[in-house]
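J.: Residue numbers (numbering that gives the first Met the number 0), protein chains in the order written: chain B, 0 to 344; chain H, 0 to 344.
2 protein chains.
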Amino acid sequence: MKKLNVAIVGATGLVGREFIKVLEQQRFPVSSVRLLDAEHAVGSELFFDHRSIPVEDILPEAFQDTDVAMFFASTDVSRRIVPVAVRAGAVVIDNSTAFSGEEDVPLVVPEINPEDISLNKGIICNPNCTALQLSVILNPLHQFNPVKRVIISTYQSVSSSGAAALKELTTQIKQVLDGYRVCPHIYAHQIAFNVLPEIGLFLDNGYTKEEQRIAEETRKVMHADNISISATCVRVPVFYGDSSAVHIEFDSPMNPDKVRNILADAPGVRIIDDCSVSLYPQPWAVSGSSRVFVGRIRRDISKSNGVVLWIVADNIYRGAALNALRILEEGAQRGWIISKKIQEE
Amino acid sequence: MKKLNVAIVGATGLVGREFIKVLEQQRFPVSSVRLLDAEHAVGSELFFDHRSIPVEDILPEAFQDTDVAMFFASTDVSRRIVPVAVRAGAVVIDNSTAFSGEEDVPLVVPEINPEDISLNKGIICNPNCTALQLSVILNPLHQFNPVKRVIISTYQSVSSSGAAALKELTTQIKQVLDGYRVCPHIYAHQIAFNVLPEIGLFLDNGYTKEEQRIAEETRKVMHADNISISATCVRVPVFYGDSSAVHIEFDSPMNPDKVRNILADAPGVRIIDDCSVSLYPQPWAVSGSSRVFVGRIRRDISKSNGVVLWIVADNIYRGAALNALRILEEGAQRGWIISKKIQEE
Chain B
0 MKKLNVAIVG
10 ATGLVGREFI
20 KVLEQQRFPV
30 SSVRLLDAEH
40 AVGSELFFDH
50 RSIPVEDILP
60 EAFQDTDVAM
70 FFASTDVSRR
80 IVPVAVRAGA
90 VVIDNSTAFS
100 GEEDVPLVVP
110 EINPEDISLN
120 KGIICNPNCT
130 ALQLSVILNP
140 LHQFNPVKRV
150 IISTYQSVSS
160 SGAAALKELT
170 TQIKQVLDGY
180 RVCPHIYAHQ
190 IAFNVLPEIG
200 LFLDNGYTKE
210 EQRIAEETRK
220 VMHADNISIS
230 ATCVRVPVFY
240 GDSSAVHIEF
250 DSPMNPDKVR
260 NILADAPGVR
270 IIDDCSVSLY
280 PQPWAVSGSS
290 RVFVGRIRRD
300 ISKSNGVVLW
310 IVADNIYRGA
320 ALNALRILEE
330 GAQRGWIISK
340 KIQEE
Chain H
0 MKKLNVAIVG
10 ATGLVGREFI
20 KVLEQQRFPV
30 SSVRLLDAEH
40 AVGSELFFDH
50 RSIPVEDILP
60 EAFQDTDVAM
70 FFASTDVSRR
80 IVPVAVRAGA
90 VVIDNSTAFS
100 GEEDVPLVVP
110 EINPEDISLN
120 KGIICNPNCT
130 ALQLSVILNP
140 LHQFNPVKRV
150 IISTYQSVSS
160 SGAAALKELT
170 TQIKQVLDGY
180 RVCPHIYAHQ
190 IAFNVLPEIG
200 LFLDNGYTKE
210 EQRIAEETRK
220 VMHADNISIS
230 ATCVRVPVFY
240 GDSSAVHIEF
250 DSPMNPDKVR
260 NILADAPGVR
270 IIDDCSVSLY
280 PQPWAVSGSS
290 RVFVGRIRRD
300 ISKSNGVVLW
310 IVADNIYRGA
320 ALNALRILEE
330 GAQRGWIISK
340 KIQEE
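1. Can you find a C-beta in chain H that's less than 9 Å from the C-beta of Ser227/B?
2. Spell out a yes or no on whether the region 154 to 169 of chain H and the region 255 to 270 of chain H are touching, meaning 3 or more CB-CB pairs, one atom from each, closer than 8 Å.
3. Which value, in whole angstroms, describes the spacing of the CA atoms of Ile111/H and Ile123/H?
4. For a contact meaning CB atoms closer than 8 Å, what does Asn204/H contact in chain B?
5. If you compare alpha carbons, which of Val90/B, Val149/B, Phe192/B, Asp177/B is closest to Ile226/B?
6. Quick check: the Cα distance between Gly42/B and Ser51/B, rounded to an integer number of angstroms?
7. Starting from the beta carbon of Asn260/H, find every residue of chain B whose beta carbon is closer than 9 Å, and list them in chain order.
8. Smallest Cα separation from Arg212/B: which of Gly100/B, Arg333/B, His39/B?
9. Would you check if there are 3 or more beta carbon pairs closer than 8 Å linking the region 194 to 207 of chain B to the region 206 to 223 of chain H?
10. Could you tell me whether the Cβ atoms of Phe71/H and Gly121/H are closer together than 9 Å?
11. If you compare alpha carbons, which of Val14/H, Ala40/H, Gly15/H, Leu3/H is closest to Arg26/H?
12. By alpha-carbon positions, which one of Ser117/H, Ile310/H, Val90/H ends up nearest to Asp64/H?
13. Which whole-angstrom value is the C-beta distance of Ile190/H and Gln171/H, which I expect to be below 8 Å?
14. Under three-state DSSP, which class holds His246/H?
15. Output yes if chain H places a C-beta closer than 9 Å to the C-beta of Cys274/B; else output no.
16. Three-state secondary structure (DSSP) at Tyr154/B?
17. Using a Cβ-Cβ distance under 9 Å, would Val194/H count as near chain B?
18. Excluding the 5 residues preceding and the 5 following Val67/H in the sequence, name in chain order all residues of the same chain whose CB lies nearer than 7 Å to its CB.
19. Could you pull out every unbroken beta strand (DSSP E) segment of at least 3 residues lying fully inside the region 2 to 46 of chain B, listed in chain order?
20. Using the C-alpha atoms, what's the distance from Thr74/B back to Leu58/B?
21. Within the 9 Å Cβ cut-off, does Ile337/B reach chain H?
22. With respect to the beta strand (DSSP E) encompassing Cys274/H, which residues constitute its N-terminal and C-terminal limits?
23. Measuring only the C-alpha atoms, how far is Thr231/H from Arg86/B?
24. So the candidates are Phe238/H, Ala61/H, Lys20/H, Glu55/H; which of them puts its Cα closest to the Cα of His49/H?
25. Give the DSSP-derived three-state secondary structure of Val90/H in the structure shown.
26. What did DSSP end up calling Cys232/B once you bin it into helix, strand or coil?
27. For Gly240/B, tell me which candidate among Ser275/B, Arg16/B, Leu165/B, Phe201/B has the shortest Cα-Cα distance.
28. Apart from the five residues on each side of it in sequence, which residues of its chain come closer than 6 Å, Cβ to Cβ, to Lys53/H?
29. Am I right that Ser95/H and Cys128/H are in contact with their C-beta atoms under 8 Å? What's the rounded C-beta distance?
30. Just to confirm before moving on: does the CB-CB distance between Thr217/B and Ala319/B stay below 9 Å?
31. Does the beta carbon of Phe238/H sit closer than 9 Å to a beta carbon anywhere in chain B?
32. Note down, in chain order, every chain H residue with its Cβ under 8 Å from the Cβ of Leu176/B.
33. For Gly305/B, which residues does DSSP report across the bridge?
34. State the DSSP-derived secondary structure class of Phe71/B, mapped to helix, strand or coil.
35. Beta carbons nearer than 7 Å to chain H: which residues of the region 307 to 329 of chain B have them?
36. Quick one: does Thr231/B have its CB under 9 Å from some CB of chain H?
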């Protein structure tokens, strides 16, 4: 496998930094790494593989020699710059929502639909963390017994809103404990000691963009247009790790033990489920882990054919950085993402 | 209405203190108030109506002249002492789970089933906060269009676990921010910056006691045995206020506007629902309020006849203390709870 020239856009953000760490840890073969970010970060330096690398401005020239451009910036930045990178000949792996809904843009979880990488026309998208963890759990079950309907309520951490949100939570917590009132910036209301049922913009149907995205992206990754999904997305005062309470209705009766057996062998999944000693996944405990964790597996007492689960994964590491790297690895190994030099040869 | 002699068991706990405040605020006519609590609190004094009242030991003699005994202690204390109070001739209003499941013990939300108070044989129970808020919202809708199934995921505050849990959350928060590890006492795991899908003991079917209780108590209060309810109960790092994401399936199609109209006129309910300016109920904001708040009212995109809601109420004030007082008020006004002296005349 030829080494690749990789550019990382949004390199100084939470996910960008996490990706640099993952790239290093997983020893993915790169011939060069360029770090790009908005003006405020230009001039700073980040370490990669024991070398200090300067952060550069996001200019079109930056993609000249780039084989793969990883985008961990805002949707706005992706919308403006991804086409520039593609025109310069780079394959883009994008973590934003800018293109994830477009029909000819593959949305990939390598454990589920790696072949979709081959269909890319320059852009491959990384799904939303909740859609990712939901599809990693649903897909193996769906192969065995088709899933008809999913109801999901989320408990999402602030880190998905970036480093400023981590700061905001810490600041507000201290203010509340010291008796001060807080002044929200990142969220519409106080997040310290509070929960907010608002993630993303509100749509006309009363759902939020995030809630809609979970439904659409889960179906797209699983190639399962017929699954009905209704989500309520809630921000909770947690730093890292997104959790979900998930009620699944299957086509035919589904034994919780069968669910356990299937998930025990499922790629990327780890079961933590022993009620007798209060064992179940928790965001604090699974933070920094590469698996999707599932527990509290039980029959839904309100529905025949129903099963209830509790799912947790690290939204930054597992949900964003590691999945993006796995798309890159899978694409490079299978020859779907290749060095420009090879293409030109 | 004859004034009553009231004894408050568990007077120094979170709910006990809140009840004393509510009793004072609502100017319920008492002729005497006795404060009872476990040994560690005996000798301390609490203020009621500008008088300092000593906290006494929970001894059988304490109920001699008591017309009504309010129980805000643990389930264990209720199990042991409620029969003693009943034998002494007091009517008991119990906030624990000790007797709430028994067939001949009424479980009352005065907005819904006040007449059940008249059926008491000495004990009337106060429901669990989540069952209370769920039934206050479901009941008026159910009258219009029968509810078939409810899926509820909760975001429950630590105050339901008592004053020690408030302290544990604050202590752990400080420890985490200062870089220390935490040592959980009240909960099985860290609650600071974490969420725990465990409230109450685990049952054989994989649900917890709290999840089962929500289903059973909601049906009992509403006299609606046919509603299927499946709950996932989750503790979140919030001081006061329990929230729930609720998916309701009705017998026939239900327009969200109709839901809004019905709830606008429903007793004890307040709608906060304007997505255009990020308005929805939040536990921090509704803390200390006497209503059950509802927002994010929308059609369930995964089910015809389905509606999704977000419900929040103060678990200590609204869910426990105020409901207990309303049972007492309603019972006293309607002559179902009366002074022993009148009974003897």
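Just so it is clear, CB atoms sit at the ideal spot from N, CA and C, and this is done for glycine as well.
Given the structure is predicted, the values throughout are model-derived calculations rather than measurements.
T.: From the atom records:
1. yes
2. no
3. Distance from the CA atom of Ile111/H to the CA atom of Ile123/H, rounded to whole angstroms, is 14 Å.
4. Arg297, Arg298, Ile300
5. Of all alpha-carbon atoms in Val90/B, Val149/B, Phe192/B, Asp177/B, the one lying nearest the alpha-carbon of Ile226/B is that of Val149/B.
6. 12 Å
7. Those do not exist, as Asn260/H stays about 16 Å from chain B at its closest Cβ, beyond 9 Å.
8. Residue Gly100/B is the option with its Cα nearest to Arg212/B.
9. Using a Cβ-Cβ distance cut-off of 8 Å, the region 194 to 207 of chain B and the region 206 to 223 of chain H are not in contact, since fewer than three pairs of beta carbons, one from each stretch, lie closer than that value.
10. Contact flag unset, no.
11. Leu3/H
12. Val90/H
13. With a Cβ gap of about 6 Å, Ile190/H and Gln171/H count as contacting.
14. strand
15. Answer yes: the Cβ-Cβ gap between Cys274/B and chain H drops below 9 Å somewhere.
16. Correct three-state label for Tyr154/B: strand.
17. With 9 Å as the cut-off, Val194/H counts as an interface residue toward chain B.
18. Leu3, Val5, Ala89, Val90, Ile92, Leu327, Ile336
19. Fully enclosed beta strand (DSSP E) runs of 3 or longer: 3 to 8, 29 to 36.
20. The straight-line gap from Cα to Cα measures roughly 17 Å.
21. no
22. Unbroken run through Cys274/H: none, as it is neither H nor E.
23. 48 Å
24. Lys20/H
25. strand
26. coil
27. Leu165/B
28. Checking the displayed sequence, the identity of residue 53/H turns out to be Pro instead of Lys. Taken in chain order, the residues that qualify are Glu44.
29. No, Ser95/H and Cys128/H are not in contact; Cβ-Cβ is about 13 Å, not under 8 Å.
30. no
31. Yes - at least one Cβ of chain B is within 9 Å of the one on Phe238/H.
32. Thr169, Ile172, Lys173
33. Glu248/B
34. In the structure shown, Phe71/B sits in coil (DSSP, three-state: anything other than H, G, I, E or B).
35. Val307, Trp309
36. yes
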